Every structure is written in structure tokens, then in C-alpha cells.
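The structure appears right after this line, and notes come after that.
Residue numbers (the working numbering): 4 to 312.
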């Protein structure tokens, strides 16, 4: 009896076809073309023989392009492991996600937008992602030792940045200070000519924003003006902007990992230490912000946090 041919299917949710891979907040992602082509293959085309873990397979294909092995950072009792994206059901029942990564280097990955973008950040900022996992493990161990309830402020800060973070990179410290001060005019409007357009990087730019948070990237599938990142500020020398975008990312990953290591080593750190940044206010992120009146919306561009009474 002849075998019955397997029906061709489009196994990924159609929402994957809504990704605008030309969006400025996606330009810095490593292996962006491979990710885009892989997603298109399994979301827009009927395929007979799809892998069991589609997004993990696409991410692993992109991972092979790295010139160096992408590694976890050693934690107490665990050595470094080369990372690999695996199906979600590889995560043993009862084991924490962060622990599984630290013990194996395997990153459980579901076939959804959230995990696609999480994997894309692992590929683009491998040292920083490994550093965040390292600090998760360190504080998970501390929580057991002192019977601490909940995640604690350090792990809360990690999670907020990991999910919703952005990095303002600038060679003009006054631009970063203006962000901390909620001075949108001095940060985003008056120095607009100094801001880089990541879709067409300039060697003479003085400021740029790179999105780190994978949940934020997911939300940016349908951009909304109120979307707000939790950002850190990395000061660089002007020659940073003379680098190619790929070279910038390598330098930035090193600098960001060092910055976050110092930040998260402070037991008093808290999510409020991250600077709010309305992401569509970044110059060149949307055509609407060419008009200075875009920034007059006080609901989005607020004057600052309320002080505790």
C-alpha cells in the first residue's frame, strides 16, 4: 500500500508575517536576514516537512554564523556551556528556566514571537544575555540561603531590562543626562541632527538607541506612541559611530555586559534606576516625530516620576 503523503501546512502563526523587518528597531539584530527568511518560509508558505521546533531551528541556523562560540557565563558549581536553542518541552518539569540554561546552555524556545525575539537578542548581545542569566542564578542561590521571598529587587531589575530594555549610546554625555532628567527637548528634539538613523548608519552621529527587550520588540509589531522602554545609557567615544553596525554591536555587547555587571552587583539596585524612554520618540524611529509637536504629548513625554510623600 502506498504511503499517504503528509499534507503541506503553514505551521507558524500568521502573526509572524506582520513583522516589518525593515523597521529601525530591528536593524541591529544579528543574522536578521536569516531570521526574516526563516520566518517567511514557515509562516507564509505551506511546508510539508517542518522541524518540530521551528523557531529554535531558525535561531540555530543563525547561530552557526557566529565567528566565536556563544557561551553561558559560569555560575557556582556550573561551567560555561555553548548555547543552543531547543524545544520548550526539553525544559524538565519543576526546573527553573534560568537554571536549565546555566546547567546545559540550552535555551527553551516556543514557536511564538516572544521567543523569536528573545533568541534574536541572545544572538545580538550574547555576553550581556549570559551575564543576566549569571546574576539570576547568583540571586536565586542567595534567595535560598536567606529564605528571601519573591524575586528580589536585583532579579526584578534584570527582568525589566531583559523584557523591556533599550540602550542609549552617545558620545555626548549631556544627551544621556537629559534622558535621566526627563528633558525630552534636550535629549530628543534639539540635538536631532546628531542622532543616527540606524537604517542608514552615519559615521558622524553622536547618539543612537538599540532595543534590547524582547517583549518590547514583540509589542513593536504594532507600534504605539505610549510604548516606553526602560533604558541604560552607555557613553562612548565618537569613533564608535565610525564602525560598521556589526562592529558596533560587538563593542556594545562588551560595554553593556560590563555596565550591567556593575549595576546588578549593587544590592540596592531597583527597576526605577532604569530611565524611561518613550521608544517612538527616538529620532528616525517614526516619521511622526519629525514634527516637534510630537513631543508635546504630556501623557507620553512626562516631566518626571512622582516623589514619594
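All C-beta atoms in this analysis are idealised placements derived from N, C-alpha and C, irrespective of residue type, glycine included.
Since the structure is predicted, the reported quantities are computational estimates derived from the model, not experimental observations.
In the DSSP assignment, find the unbroken beta strand (DSSP E) run with residue i in it and report its ends.
i	result
residue 235	231-238
residue 126	First-last for residue 126: 116-127, but that is the alpha helix (DSSP H), not the beta strand (DSSP E).
residue 296	Unbroken run through residue 296: none, as it is neither H nor E.
residue 103	Note, residue 103: premise wrong, no beta strand (DSSP E); alpha helix (DSSP H) at 100-107.
residue 278	278-281
residue 88	87-90
residue 213	210-214
For residue i, collect the residues of the same chain with a Cβ closer than 7 Å to its Cβ; drop the 5 residues on either side in sequence, then sort them by chain order.
i	result
residue 132	124, 125
residue 44	50
residue 118	58, 112
residue 100	94, 111
residue 139	101, 158, 161
residue 1	Any answer about residue 1 is impossible in this case: the structure gives the chain only from 4 up to 312.
residue 274	159, 160, 163, 233
residue 165	135, 216
Which whole-angstrom value is the C-beta distance of residue i and residue j, which I expect to be below 8 Å?
i	j	result
residue 135	residue 161	5 Å
residue 129	residue 219	Not really, about 19 Å apart at Cβ, beyond 8 Å.
residue 178	residue 194	6 Å
residue 278	residue 236	7 Å
residue 34	residue 56	Wrong, their Cβ atoms sit about 17 Å apart, outside the cutoff.
residue 22	residue 224	6 Å
residue 234	residue 182	7 Å
Between residue i and residue j, what straight-line distance do the alpha-carbon atoms span, to the nearest angstrom?
i	j	result
residue 36	residue 280	28 Å
residue 288	residue 258	24 Å
residue 149	residue 270	Confidence in residue 149 is poor, its pLDDT being 43 and thus under 50, which makes the residue's placement too unreliable to answer from.
residue 84	residue 296	50 Å
residue 333	residue 137	Nothing about residue 333 can be read from this structure; the chain reaches only from 4 to 312.
residue 87	residue 96	19 Å
residue 206	residue 52	45 Å
residue 285	residue 292	8 Å
residue 228	residue 302	10 Å
residue 103	residue 215	22 Å
residue 75	residue 20	31 Å
residue 80	residue 226	43 Å
residue 262	residue 127	17 Å
Assuming residue i is part of the alpha helix (DSSP H), what are its boundary residues?
i	result
residue 45	35-46
residue 163	155-167
residue 60	57-66
residue 262	248-267
residue 220	217-222
residue 177	176-183
So with Cβ pairs under 8 Å, would you call residue i a contact of chain B?
i	result
residue 68	As a matter of chain content, chain B is missing from the structure shown, which is built from one protein chain.
Only counting the same chain, and skipping five residues up and downstream in sequence, which positions put a Cβ closer than 8 Å to that of residue i?
i	result
residue 294	none
In chain order, what residues of the same chain lie with their CB nearer than 6 Å to the CB of residue i, ignoring the 5 residues before and after it?
i	result
residue 151	For residue 151, the predicted structure reports a pLDDT of 49, less than 50, and the residue's modelled location is therefore unreliable. The matter cannot be settled from this model.
residue 238	176
residue 116	221
residue 255	none
residue 204	248
residue 41	61
residue 217	120, 121, 124
residue 47	20
| message | Using 8 Å as the cut-off, can you tell me whether the stretch 188-200 makes contact with the stretch 248-255, which would need three or more C-beta pairs spanning the two stretches below that distance? | response | Counting C-beta pairs with one atom in each stretch, the stretch 188-200 and the stretch 248-255 have fewer than three that are closer than 8 Å, which means they do not touch.
| query | Three or more beta-carbon pairs under 8 Å between the stretch 196-204 and the stretch 21-28, yes or no? | reply | Yes, since at least three Cβ pairs between the stretch 196-204 and the stretch 21-28 fall closer than 8 Å, the two stretches touch.
| task | Count the C-beta pairs between the stretch 115-124 and the stretch 54-64 that are closer than 8 Å, then say yes if the count reaches three, no if not. | result | Output reads yes: the stretch 54-64 touches the stretch 115-124.
| the stretch 205-212 contacting the stretch 233-244, beta-carbon criterion three pairs below 8 Å | In this structure the stretch 205-212 lies against the stretch 233-244, because at least three pairs of beta carbons, one per stretch, are closer than 8 Å.
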